[in-house]
Amino acid sequence: MDAASIQQARETLDIAYEISKVLNTGLDRDMLSILISLCENGVNPEALAAVVKELRREAAALQAAEKLMPSTRSQSSGGGGGAAADH
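What the sequence shown shows, in the UniProt record's numbering, is residues 1 to 87, in sequence order.
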């Protein structure tokens, strides 16, 4: 790529990022760049959007589950008693 092409790509990404912020997508500049590159290489944009949504749902579910589960680290210390000690 020559300097003009690089500058044009940078400006295009800047515009896409500004639109992304206005639309409240939650995508950072790097993620947006990756998604645009995938689309330019033939990935279906609708399928890509569905994957991003699903990954966000899964991440939110994992975070919620972590908040609900008590920490097992503090409970696992203590000499390894359990059923073996009863014999």
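All residues carry an ideal CB built from backbone N, CA and C; glycine is no exception.
Excluding its 5 nearest sequence neighbours in each direction, Ile-34 has no C-beta neighbour in its own chain below 7 Å. The C-alpha of Pro-70 is placed about 45 Å away from the C-alpha of Glu-40. Approximately 13 Å separates the beta-carbon atoms of Ala-16 and Leu-38; this is outside 8 Å, ruling out the contact. When the Cα atoms are used, Ala-47 and Glu-54 turn out to be separated by approximately 11 Å.
Secondary structure note for Pro-45: its alpha helix (DSSP H) is the uninterrupted segment 45-68. Straight-line spacing of the CA atoms in Asp-14 and Gln-63 works out to 31 Å.
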